[in-house]
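If you're matching positions, the sequence shown starts at 8 in this note's numbering and goes up one per residue. Glycine included, every Cβ here is placed at the ideal spot set by N, Cα and C. Note that the structure is a prediction, hence the values are computed from the model and not measured. This report concerns only the one structure given below.
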Amino acid sequence: MNPKLEEIFAEPGKAYLRPEELSVFSRFVSSLPERINVYRRLRSDELSLMQAVADALQQQFPQESEERLKRSIQNGILILRCSAMAMLMDNPDFVTKRLETWLPETIEIYGTQAINETLYQLIKQQLSQRFTPQQRSLLFPGIDSAKALFPSHKEGKVPVATDDTLVSLF
Numbered sequence: 008m009n010p011k012l013e014e015i016f017a018e019p020g021k022a023y024l025r026p027e028e029l030s031v032f033s034r035f036v037s038s039l040p041e042r043i044n045v046y047r048r049l050r051s052d053e054l055s056l057m058q059a060v061a062d063a064l065q066q067q068f069p070q071e072s073e074e075r076l077k078r079s080i081q082n083g084i085l086i087l088r089c090s091a092m093a094m095l096m097d098n099p100d101f102v103t104k105r106l107e108t109w110l111p112e113t114i115e116i117y118g119t120q121a122i123n124e125t126l127y128q129l130i131k132q133q134l135s136q137r138f139t140p141q142q143r144s145l146l147f148p149g150i151d152s153a154k155a156l157f158p159s160h161k162e163g164k165v166p167v168a169t170d171d172t173l174v175s176l177f
């Protein structure tokens, strides 16, 4: 759930909600029907959306192995699903918490940075074609949180150890 809402409900016996807290809760409740609508549409359109992304990805990376493309597409599906859940809960940090333990390392280990950068753009492009600007504003924070985890976008990125860098240590 949204951290602000969690904070509001943390101590229900303490006092009634202040006007600003009630306003936060009211905004969440009033936006919930639209969030549910977007979630349902995304769930029902996932296959066609990701098929369009996969087709475009194969065209843009014709020399890439099927295994690496498949791995990136699977990452994209998980990013999309986590973003949808984050949107439903109004909590973009949910994406970071769910993906930070494995996504950056997976991208780095398999060397799929370029594929994932393109995948990100293609997913946003497909969403832009299917959803209104208001609906995209609900979805994009989660997707952008996932992109921030891509190795080329992490602050203080630790370089990968290679034979050359290890030899220089001795």
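*Near I68, which residues of its chain fall below 7 Å by C-beta distance, leaving aside the five closest residues on each side in sequence?*
Per the sequence shown, residue 68 should be read as Phe rather than Ile. So the qualifying residues of the chain are L76 and I122.
*For S90, which residues from the same chain have a beta carbon less than 7 Å from its beta carbon, with the 5 sequence-adjacent residues on both sides left out?*
Here the set comprises V102, L146, G149, I150 and A153.
_Rounded to whole angstroms, what is the Cα-Cα separation between L110 and N44?_
So the alpha carbons of these two residues sit roughly 28 Å apart.
*If you follow the alpha helix (DSSP H) that Y46 is part of, which residue opens it and which one closes it?*
P26 to Q67
*asked:* Let me confirm a value: L134 is counted as buried when at least 16 other C-beta atoms fall within 10 Å, else exposed. Which label applies?
replied: Looking at its Cβ environment, which holds 16 or more other Cβ atoms inside 10 Å, L134 is buried.
*Nearest-angstrom Cα distance between L156 and Q66?*
25 Å
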